[in-house]
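Trainee:
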Amino acid sequence: MDKQLDLLQGTLDMLILKAASLGPLHGYGILLRIQQISKDRLEIQQGSLYPALYRLEHQGWITSEWGESENKRKAKFYRLTTAGKRRLQAETENWNSMADVIAGILGTKPEEV
Amino acid sequence: MTLWSRFRSWWSVTLRRARMESEMDAEIRFHIEAYAADLMRGGIPRQEAMRRARIEFGGIERVKEEGREARGVSFLDEFFQDLRHGQRVLRKSPGFAIVAVLTLALGIGATTAIFSVVNAVLLRPLAIEDSARVVLLQEQWKGSAGDVSVGNFNDIKKQSSSYAEVSCSNNASFNLETQGIPERVDGEIATFNYFATFGVQPIAGRVFTADEDKPGHAPVVVISERFWRTSLHADSAVIGKPIRVNGLPTTVVGVMPKSFDPLLSNSNLWVPEAFTPAQLADHDDHYLNVMARLKPGVTTAQAQSELAVIAQRLQQEYPLDDADRGLRIQQLASVLLGDQRLSLRMMLAAVGFLLLIACANIANLQLARSRTRQREIALRAALGASPNRIVRQLLTENVVLGLAGGAAGVLLAYWALSWIIVHGPAEMPRLDQSRIDASALAFACGVTLLSSFLFGLAPALRSAATRLNEVFKSTSGIVGGSRDHVRSLLVVGEVALALVLMVGAGLLIRSALLVSHVDPGFDTSNVVVGRVGLPDAGYHDPVVARQTFERMISAIAALPGVESAAVVSRAPLAGGGSSNGLLAEGKPLDLANLVNSQLQIVSPSYLSTARVPLKSGRDFTPQDTREHTFVAIVNETLARAMWPGENPIGKRFACCEAGPKGRMDPVWHEIVGVVADVRAQGLDRQPQPAFYIPLAQMPAAAWDWIGRTMDLVVRTRGSVVPVRELQSTVASVAPAVPIYRLSSMQQKISSTLERSHFDTFLLAIFAATALLLSSVGIYGVLSYMVAQRTRDIGIRIALGASQRQIVWDVLGIGVRLVGIGLAIGLASALAATRLLSSLLYGVRPTDAVTFISVSLILLVVALIAGYLPARRATRVDPIVALRYE
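Structure, rendered in structure tokens:
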């Protein structure tokens, strides 16, 4: 396993939105999916997931309903709303341009200044 | 985020909180179990897997708390939590809670009751359509505003263009026979557009037409809802029926709604003015109330400048009547309610002060408690409560206290208001409509919340600023005494406010005492007064009217228990009356030379019956008739005004009527006597120039000025008012004519003083309560200080300080606080009492006696309040105090 990275501040929401955009998931499923996609390179405090979920739900970007899990247990499934899709798109664009800028700055060589 | 989702979230927060909690539990449990199951699949035993799952999940309670916060639930949730907590805390200290709730109830109750009165009397709009546009138009002459003459009214109506309607009315009372019993009913004689001016429609029938408002038309009447209900048994077929008004069958054409009383004169019926051409040309008799409705878009200032032009035209056209006469308009509401404003505002300020003092007291108690609760609060802070959170919790505790106090206060207000309505001055319009209604309750709620914050904020902020290490370091659990400034400041403030209230009450009390010692100018004991009005029908002939009154006088004088009887056109303190401009003989006829003087038409026996002292000359005799020299008796004020430094007996003035050669032909009256001044307008009013002329010499036209109405004045042998005998005697002389407003002179005097006594009484109660509350405040601060310094006092006693020294030390602190409070209070009172000057009689607003005696009272009470804790200080046992450490 590679070295785990601490999550950048404010990025958890974005990751949750992305995970939920791939299909309805319960909280634990979202955690697993983020870990799976990131190949376990991100360290996520499990408990911190839920306040973030409630916050996103309160803001109307995701919605939830009770359903049955793979092993026939009652679980709450989260799904992206239309507003959430727009939000994810905006956040993704924002992140990408931010990443470009940062990478550009960090990649600057002395002769380029 | 959409509004809808926000709302949904809030909805689930408030209504499904319990469900949400269980869902959150289930969700977290599912997470942990699912993770544990995954771990178990990796070969870890179940128990260990569950343990690891829980550890990796993190603090469940913290997650839930953050989750609640994320959903915006926390504030409300915590508020209810705090409410419950506050309730528990208060239940644990019932002594404090009871004192605080009672104090607060006193403040909120008094404020709410007075607010309800202010709301009913001043704030509630008059029952008039768009009342801001309705103005009262008055004449102005020699600096005072007065009623308008018919001629001027007519000209103003024709020449002005600012108004949608210009109407007028004059107050009158009518003899009515509705159920065989003669009664006297107050009403108005009004022009047909009177009702349109106020924009009010009748609830049944119609108002008069322009045709009915012309001379010679069959009489019609519009009646009030009250009269319709009480005197006509709410007869649904009343419209079109005749009732007897002043002996004439008069058709009822309409019923006005209950709320319709635009001039606040308790009018029960309205009949048309139906001015004759002669009346319309008369610019000399000024008796009309003129009301007008401004056209839309016309401002009061524009209308006023138009009036100035009209006034100038009138002055040039009718120099004899209208020279120097101006015209002005004012909003009707401000004229009608203007008198009430000062004293009601004073009351509102007084109860506001009371509320502030109550809040200061509770804040003081809270501060004392916050000291002893420091450990509890420090513990909460140590467990992670933020300062913000602690302030909120303490404030919520205060809201609990406030709500309890508010509820008790509203009960108190209910009781106080019903008392005020019964005992309040009858002349205060709309007082009886005061209610604890929705707006009063809203006011009480607002006051409650505001005061909760007022008395709670300082203690809460201080508690939140508590430094943990200091609390836990201190062995006694109480941190230093250096921050008592807030408490001292509160006491200083209380004393200052109480002093202002006490000075106000003191001034009013002193003024009331002075008024009660004023000599009314005649012997008021065993005098009975009642009013008799003869209807025009049957008594139109002046001789018949005079003889009827003369027969009444002799019939009443013959009654057992009656010493003598007389009539006067307006008895002292009966209100109203007419005045005349008098011209002394030898002075040129010019308005500037006229002396305005109250006219009294009297039977020869009046001055002796009322026992108005004769200063010089002679009284009237039955021989003073129109066949003999016209005579008059003047009061001392008039004698001084007309003939300063001279003997007025034998001098003459022109008044009351014109000679056969027209208006410029004076009719001279010779002064035969001078009598003492009578305070006819009220004991607290300066006597005005007044003159008396005999009934047998009055001009025929004067019967119309006084509406054929006279006051019977009867001197009895005992103090009993012979109501039944007087009624039957009057009715035996003039059938179907009632005697009304029948009461003893003493009662009339006390009713004119009712208002100022009521103000004085209320303010005195408020001041006494303020005094009590602030002495409790002083007591509290000193007690607390003694308790806190037990050790110091113990040491001083151990070192040999005498009891007296200890007492003086403690009292000294109290006296210093009170001294500062007194100084601030005296300065503020000096500034504030100026506003009272129009309510005072014979006392200056800066009256030194009042200021000094009130300060002394406050100081003595403060010393008594401070003495109790001082005594306690001397009983400190030095051994115990020192061992305490």
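Protein chains in written order, with my numbering: chain B, -15 to 97; chain L, 3 to 887.
Note that beta-carbon positions come from the ideal geometry of N, C-alpha and C, so glycine has one too.
No experiment lies behind these values; they were computed from the predicted model shown.
Would you verify that the beta carbon of E58/L is, or is not, closer than 8 Å to some beta carbon of chain B?
Mentor: Cβ-Cβ to chain B under 8 Å: yes for E58/L.
Trainee: Between which two residues does the beta strand (DSSP E) carrying K58/B extend?
Mentor: Element bounds for K58/B: K58 to L64.
Trainee: What residues from chain B crowd round G69/L, counting only those whose CB sits closer than 7 Å?
Mentor: The contacting residues are Y34, P35 and Y38.
Trainee: Are V614/L and G523/L closer than 8 Å when you measure CB to CB?
Mentor: Going by C-beta atoms, V614/L is nearer than 8 Å to G523/L.
Trainee: Have a look at the DSSP bridge pairing and note the partners of D188/L.
Mentor: For D188/L, which the question treats as bridged, DSSP gives the partners S175/L.
Trainee: Can you confirm whether the segment 231 to 242 of chain L touches the segment 148 to 157 of chain L when touching is taken to mean that 3 or more C-beta pairs between the two stretches lie within less than 8 Å?
Mentor: Touching, no, given that fewer than three Cβ pairs across the two stretches are closer than 8 Å.
Trainee: Along the segment 26 to 54 of chain L, where does the CB come closer than 9 Å to a CB of chain B? Name the residues.
Mentor: For the segment 26 to 54 of chain L, which is checked against every Cβ of chain B, the residues closer than 9 Å are M26, A28, E29, I30, F32, H33, I34, E35, A36, Y37, A39 and D40.
Trainee: At a Cβ cut of 9 Å, what residues of the segment -10 to 24 of chain B count as close to chain L, listed as they run along the chain?
Mentor: Cβ contacts with chain L come from H10, G11, Y12, G13, L15 and L16.
Trainee: Just how far apart, CA to CA, sit R377/L and V856/L?
Mentor: Spanning the two alpha carbons is a distance of roughly 43 Å.
Trainee: Please confirm if R373/L has its CB atom under 8 Å from at least one CB of chain B.
Mentor: No, because no Cβ of chain B sits closer than 8 Å to the Cβ of R373/L.
Trainee: Which word fits E96/B, buried or exposed, when buried means at least 16 other C-beta atoms lie within 10 angstroms of its C-beta?
Mentor: Under this definition E96/B is an exposed residue.
Trainee: If I'm right that A643/L touches P691/L with Cβ under 8 Å, what's the distance once you round it to whole angstroms?
Mentor: About 5 Å; that satisfies the 8 Å criterion.
Trainee: Among the residues of its own chain, which have a CB less than 8 Å from the CB of K69/B, if the five just before and after it don't count?
Mentor: So the list reads S5, once near-sequence residues are dropped.
Trainee: Just how far apart, CA to CA, sit I558/L and R533/L?
Mentor: Using only the alpha carbons, I get a separation of about 14 Å.
Trainee: For the pair the segment 614 to 624 of chain L and the segment 353 to 362 of chain L, tell me if three or more CB-CB distances fall below 8 Å.
Mentor: They do not touch, by the three-pair rule.
Trainee: Got a sec? Which residues, its chain only, sit under 8 Å from L516/L by beta carbon, not counting five neighbours each side?
Mentor: Closer than 8 Å at the Cβ level, and outside the excluded window around L516/L, lie Y843, G844 and V845.
Trainee: Helix, strand or coil: how does DSSP classify Y196/L here?
Mentor: Here Y196/L sits in helix by DSSP.
Trainee: By how many angstroms is the C-alpha of M787/L removed from the C-alpha of L819/L?
Mentor: C-alpha separation (whole angstroms): 13 Å.
Trainee: Checking 8 Å against the spacing of the C-beta atoms, do A568/L and I555/L come in under that value?
Mentor: Yes, the pair counts as a contact, with Cβ atoms nearer than the cut-off.
Trainee: Within 8 Å, do at least three Cβ pairs link the segment 106 to 114 of chain L to the segment 336 to 347 of chain L?
Mentor: No: fewer than three Cβ pairs fall under 8 Å.
Trainee: Given 8 Å as the limit, is there contact between the segment 268 to 278 of chain L and the segment 177 to 192 of chain L, that is, 3 or more CB pairs closer than that?
Mentor: Yes: the two stretches touch, three or more of their Cβ pairs being nearer than 8 Å.
Trainee: Counting only Cβ-Cβ distances shorter than 9 Å, please list the residues of the segment 65 to 91 of chain B near chain L, keeping chain order.
Mentor: Listed by position along the chain: T65 and A67.
Trainee: Out of V674/L, D157/L and V739/L, point me to the one whose CA is closest to F283/L's CA.
Mentor: Per the sequence shown, residue 283/L should be read as Ala rather than Phe. The shortest Cα separation from A283/L among V674/L, D157/L and V739/L belongs to D157/L.
Trainee: With a threshold of 16 other CB atoms inside 10 Å of the CB of P696/L, please say whether the residue is buried or exposed.
Mentor: With 16 or more Cβ atoms within 10 Å of its Cβ, P696/L is classed as buried.
Trainee: Rounded to whole angstroms, what is the Cα-Cα separation between W79/B and R373/L?
Mentor: W79/B and R373/L: Cα-Cα distance of roughly 53 Å.
Trainee: Between which two residues does the alpha helix (DSSP H) holding G148/L run?
Mentor: Segment S146 to G148 is the beta strand (DSSP E) holding G148/L; no alpha helix (DSSP H) there.
Trainee: I want to see whether chain C comes within less than 8 Å of K60/B, judged by CB atoms only; does it?
Mentor: The chain inventory of the structure shown lacks chain C, comprising the protein chains B and L.
Trainee: For the segment 698 to 729 of chain L, list the beta strand (DSSP E) runs that are entirely contained and at least 3 residues long, ordered along the chain.
Mentor: 711 to 718, all fully within the segment 698 to 729 of chain L.
Trainee: Please give me, in chain order, every unbroken run of the beta strand (DSSP E) with length at least 3 that falls completely inside the segment 512 to 588 of chain L.
Mentor: Complete beta strand (DSSP E) runs here, min 3: 529 to 535, 564 to 570 and 580 to 586.
Trainee: Quick one: residues in its chain with C-beta nearer than 8 Å to the C-beta of G58/L, no 5 flanking neighbours on either side, listed in chain order?
Mentor: Checking the sequence shown, residue 58/L turns out to be Glu, not Gly. Around E58/L: Y37.
Trainee: Could one say the Cβ of G31/B lies closer than 8 Å to chain L's Cβ atoms, at least one of them?
Mentor: Chain L, which has a Cβ nearer than 8 Å to the Cβ of G31/B, makes this yes.
Trainee: For I422/L, name the three-state secondary structure that DSSP assigns.
Mentor: In this structure, I422/L counts as helix in the three-state DSSP scheme.
Trainee: Let me know the beta strand (DSSP E) ranges lying completely inside the segment 18 to 70 of chain L, each 3 residues or longer, listed in chain order.
Mentor: With a minimum length of 3 residues, no continuous beta strand (DSSP E) run stays inside the segment 18 to 70 of chain L.
Trainee: Whose C-alpha, out of A198/L, L85/L and A102/L, is nearest the C-alpha of K297/L?
Mentor: The shortest Cα separation from K297/L among A198/L, L85/L and A102/L belongs to A198/L.
Trainee: Q161/L to Q306/L, Cα distance in whole Å?
Mentor: Those two C-alpha atoms are separated by around 13 Å.
Trainee: How would you list, in chain order, the residues of chain B whose beta-carbon sits under 7 Å from the beta-carbon of A72/L?
Mentor: By Cβ distance, chain B contributes P35, Y38, R39 and H42.
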